[in-house]
Each structure stands twice: as C-alpha cells, then as structure tokens.
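Worksheet: the structure to be examined is printed underneath.
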Amino acid sequence: MRTGSDIIVVGAGIAGVMTALHLQRRGEQVTLIDRWEPGHSRAASTDYNRVIRSIHGRDDFYTLWARDSWNRWLELQAETGQQLIYQCGALILATEGHCHWEDDTADTFDRMGVPYYKFSPSDITARFPQFKVDDIAYGLFEPEAGMVMAHRGVRTALDLFLAAGGTLKRGRVTTDGEERPMLDGHPLEADVIVIATGPWMADMFPRTIKPIGTVVGVNVFYTSTPDGDDSFDQGPMPCWIDHGQGSFGLPSTEGSGVKAAVVIPSHIDIDDSERLVDQAMLSRTRSYIQRRFPGLVGERVVDSKFNQIILTPDTHFIVDWHPQHENVLFAGGCSGHLYKHGPVFGDFVAGVAVGDYGTADRFKIAGRRKLTPQESPSGR
Ligand SMILES: Cc1cc2nc3c(=O)[nH]c(=O)nc-3n(C[C@H](O)[C@H](O)[C@H](O)COP(=O)(O)OP(=O)(O)OC[C@H]3O[C@@H](n4cnc5c(N)ncnc54)[C@H](O)[C@@H]3O)c2cc1C
945 MRTGSDIIVV GAGIAGVMTA LHLQRRGEQV TLIDRWEPGH SRAASTDYNR VIRSIHGRDD
1005 FYTLWARDSW NRWLELQAET GQQLIYQCGA LILATEGHCH WEDDTADTFD RMGVPYYKFS
1065 PSDITARFPQ FKVDDIAYGL FEPEAGMVMA HRGVRTALDL FLAAGGTLKR GRVTTDGEER
1125 PMLDGHPLEA DVIVIATGPW MADMFPRTIK PIGTVVGVNV FYTSTPDGDD SFDQGPMPCW
1185 IDHGQGSFGL PSTEGSGVKA AVVIPSHIDI DDSERLVDQA MLSRTRSYIQ RRFPGLVGER
1245 VVDSKFNQII LTPDTHFIVD WHPQHENVLF AGGCSGHLYK HGPVFGDFVA GVAVGDYGTA
1305 DRFKIAGRRK LTPQESPSGR
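My numbering applies: residue 945 is where the sequence shown begins, and numbers increase by one.
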C-alpha cells in the first residue's frame, strides 16, 4: 500500500490509539473514531494502572513483546515527560502443588535471559514483609517489571497522534447484516478500516468475533494504606500475581491505595450495566487482602472499579482481516493482558494494516481452541 492512504481506526482504547499513532507516524492519513471521549471510564483501558511483566509461562512470543513494550513505554515517557511507568517489579506467587506455570516461566526466563530471582517463602518475607506467604512454595520476582499508568497512557498516545496530524472524531460505528462497518447510516469508506472496539467487537461482529469472544466483568478494589506507613507504596512493594488465589494486584501509586482483584468473571452488559462493584466480591476481596497482607487488616476500601475484558479461547489477541471485507482489520481480543503490550501491538497492527507483513498465526480468527492452563500464555 502506498504511504498516505486513508485509514480509519474505530475505537480509542489502548489498542486503537497505539495503532492510530503508529499508522500516522508512518505517513498514513488516519481518522480515529470513538463513541465517547478517549480514556472514558467504560473502556477496558480505563483506571489508574495496569501490570507490565514478562511473566507468560512457556510463551516466548509475549515474553519478547512485553520486554520490547517496556522499552517503548520508557521511550514514550522520555518523549512526553509524562510519568507512564513505575519499575516496582512483579512478584508471582507459586502455590504448593500448582507450580507448573511458574516453573515454565522460570525456564522461559532462563532461555531468554530475562532477569529474575527465585525466592523461598522466607526470602519473600525478608524482602517483602507486606506479604504473608505460608501457603506458597516459592516466588518469582521480576525486577524489570512494574506498572503502566492506564488512563494516562491512552491520553498521552492520543496527544501524540493528534500532534502527528491525526484526526479524532466522535461517533458510533455500527454494522449492517453483512457486518459492513457503517457510520450515520452509510458504509465507512477508507483504504483500511481497523476495528479496535475492544469488548464491543463481539456484539458488532456477531458472526465473526462473537464465537471467539466472551465478555466478562471484573471487580477491582483499592484499599487504604496504614497511616504514616509507606511500605505498601510502589517501590517498597511490587505488583503481584497470586494464581492459587485467582488474584493479582498493584501497590499503592500516587495515593491510589493497594489495588486487588479476585478474578471471578461476572456478568456485565457493556452498554447497560452501571459500573458499580458487586458487594459479594467486596467481601471476598477484603478477606483475600486481609489473609495475604496482615498489615492491611482494618484498612478501608477507598476506591473501586467494575469493568470488562473480552476473552478469546486461547487468550491470544485478534489481529486478522474480516473474512468477507478485505479492507476491514480486527485489532483487539484483550484477554486480560493487552494493555502492557500496547506500543508493540499498535506497531504490529500498523504493519499488517499497510501490508508490510501478514499477521501471526496465533492472532488469526480461525482455528481457536481452549488451551490448558500450562499451555496458556496467561496461565488461565
Ligand atoms: C480489571 C482489569 C485489569 C486488567 N489488568 C491488566 C494488566 O494488569 N495488564 C495488562 O496488560 N492488561 C490488563 N487488562 C487488560 C487491558 O486493560 C485490556 O486488554 C486493554 O485495555 C484492551 O484495550 P482495547 O483498546 O482493546 O479496548 P478498550 O479499552 O475497551 O477500547 C475500546 C474502545 O472502542 C470504543 N468503541 C466501542 N464500540 C464502538 C463503536 N461502535 N464505535 C466507536 N467506538 C467504539 C470504546 O468507546 C472504547 O474507547 C486488564 C483489564 C481489566 C478490565
């Protein structure tokens, strides 16, 4: 494709803004369309922060992408002066008897030269006394990991896109019976139309995406930190993943409170549900926090968030052309781990969109199957 093509990107979450930015910087003429203001609180890319870590079981591909993304976030931070990442490290807790995924991650790190420490429970207690780990076999600590500031990341990429000459438009793209993208009752016209509508992709494309995309709600809670105590802030405390408890979390950052989720997927209607957390999940998360972090007993929930992810059967992203419309390219399929990869994902999608290369097999729509937790890049 020649440079200077007209390209429409639909959806301005992290997948869309990063794709739009890379396309615009390649010299294409890009219009980015969203139903709401980019960074809005219904999108999957909302909230303060997201974990960035290379921990992906036996999967080399995402391990490399995460390492590359870390550097790209650093570059964006240097370019804009915005605080986009914090290098507080990530600790993955391997539960006694269920350590396959963590063992595989350690093998991958050894093979690929990713720095990490393998900590015994007493090492963890010495290094991170915030954690109570009597049920843990060992911990893997990845020091070159941490968090990306989510809302800020979207807004920063958007600013760069606009500064590069891109156009932002407000509008709701729909599809007709043939799954052709439409705006205001007319088919969208462009050399390429990138669909990056995150969890909304499934309902917009009921034949093509819905069969491989399940949308679920996740409840997240922020807990206050003890008065006069900074040990639960990022820096002294890392992000963590606690597979045995189906949980993950992030230390308090910029005053947010300690963020934690016990991931029990719940029903959500992405257009109609009010974004109010579930009280049952509040109790579960509170008991989890109190068990794992005795220093937070008596602390209060100070903030919360209920939003959604779209899960593919194998938790691989979707980057593929529509089977009937040769200029419509899907870019998303978050599966709970797309945010951190944003800069590399956007670059990759831009290359596919302009025909520099084809997509990766793992990102194709066809041939999806559910993976075992050991095979899965996300351990799910
Ligand atoms: C609680 C939670 C925790 C997570 N933790 C992590 C983590 O620690 N690390 C990590 O890497 N990832 C994490 N993720 C996943 C990550 O946040 C998502 O993978 C990522 O944000 C998905 O971005 P997206 O651009 O595909 O979707 P979205 O951010 O949802 O963006 C889609 C955009 O499309 C727009 N849109 C939708 N329909 C239309 C339409 N018809 N017309 C026009 N515009 C439309 C929407 O308004 C929205 O702005 C987490 C997700 C959740 C919910």
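Where a beta carbon is used, it is the ideal one built from N, C-alpha and C, also for glycine. Please read all numbers here as calculations on a predicted model, not as lab measurements.
Per the DSSP calculation, residue i is bridged to which residue(s)?
i: Gly1199; result: Partner(s): none; Gly1199 has no beta bridge.
i: Ala1205; result: Phe1192
i: Met1126; result: Thr1118, Pro1131
i: His1042; result: Thr1039
i: Met1181; result: Gln1178
i: Gly1090; result: Ile996
i: Tyr1166; result: Lys1203, Asp1247
i: Ser1210; result: Gly1161
i: Thr1111; result: Thr975
i: Tyr1082; result: Ala1038
i: Tyr1030; result: Met1091
i: Leu1255; result: Thr1158
i: Asp1186; result: Leu1037, Ser1191
Determine whether the beta carbon atoms of residue i and residue j lie at a separation below 8 Å.
i: Tyr1232; j: Gln1189; result: yes
i: Cys1183; j: Arg1313; result: no
i: Phe1237; j: Phe1005; result: no
i: Tyr992; j: His1095; result: yes
i: Leu1326; j: Met1091; result: Past the boundaries of the shown model lies residue 1326; the chain is included only from 945 to 1324, so the question cannot be answered.
i: Leu965; j: Leu1104; result: yes
i: Val954; j: Ala1140; result: yes
i: Val1246; j: Thr1167; result: yes
i: Val1164; j: Pro982; result: no
i: Arg1010; j: Gly1276; result: Position check: residue 1010 holds Ala in this sequence, whereas Arg was assumed. Not in contact: Ala1010 and Gly1276 (Cβ atoms no closer than 8 Å).
i: Leu1102; j: Ala956; result: yes
i: Thr1158; j: Ile1254; result: yes
i: Asp1258; j: Ile1309; result: no
i: Gly1172; j: Ile1212; result: no
i: Leu1084; j: Ile1137; result: no
i: Ser985; j: Arg1219; result: yes
i: Ala1070; j: Glu1040; result: no
i: Val1058; j: Phe1192; result: no
i: His1269; j: Phe1307; result: no
i: Ala988; j: Pro1143; result: yes
i: Leu967; j: Ala1294; result: yes
i: Ile1262; j: Gly1115; result: no
i: Trp1014; j: Gln1318; result: no
i: Pro1125; j: Val974; result: no
i: Gly1025; j: Ser1320; result: no
i: Gly1201; j: Thr1169; result: yes
i: Leu1127; j: Val1117; result: yes
i: Met1093; j: Gln1027; result: yes
i: Thr1049; j: Ile1036; result: yes
In terms of residue numbering, what span does the beta strand (DSSP E) encompassing residue i cover?
i: Asn993; result: 993-996
i: Leu1315; result: Here Leu1315 belongs to no beta strand (DSSP E), and DSSP marks it neither H nor E.
i: Gly1290; result: Note, Gly1290: premise wrong, no beta strand (DSSP E); alpha helix (DSSP H) at 1286-1297.
i: Tyr1061; result: 1061-1063
i: Asp1173; result: Segment: none, Asp1173 is in no beta strand (DSSP E) and carries neither H nor E.
i: Ala1275; result: 1272-1276
i: Asp1264; result: 1262-1265
i: Ile1137; result: 1136-1139
Can you tell me where the alpha helix (DSSP H) holding residue i begins and where it ends?
i: Asn1015; result: 1004-1024
i: Val1077; result: Run containing Val1077: none; DSSP gives neither H nor E here.
i: Gly960; result: 958-969
i: Ile1233; result: 1223-1236
i: Asp1305; result: Asp1305 -> no alpha helix (DSSP H), and no H or E assigned at all.
i: Asp950; result: Asp950 -> not in any alpha helix (DSSP H); beta strand (DSSP E) instead, spanning 950-954.
i: Asp1147; result: 1145-1148
Could you tell me whether any Cβ in chain B is nearer than 8 Å to the Cβ of residue i?
i: Gly983; result: The structure shown contains no chain B; it holds only a single protein chain.
Report, in whole angstroms, the separation of the C-beta atoms of residue i and residue j, which I expect to be a contact under 8 Å.
i: Ala1297; j: Ile951; result: 6 Å
i: Gly1290; j: Met1056; result: Going by Cβ atoms, the distance from Gly1290 to Met1056 rounds to 23 Å, so no, they are not a contact pair.
i: Ser1217; j: Ser1279; result: Their Cβ separation, rounded to whole angstroms, is 20 Å, which puts Ser1217 and Ser1279 out of contact at 8 Å.
i: Ile1208; j: Met1181; result: Not a contact, Cβ separation roughly 24 Å.
i: Phe1149; j: Glu1122; result: Phe1149 to Glu1122, Cβ: 11 Å. No contact.
i: Ile1156; j: Thr1256; result: 5 Å
i: Phe1176; j: Val1221; result: In fact, because the Cβ distance is near 21 Å, the residues do not count as touching under 8 Å.
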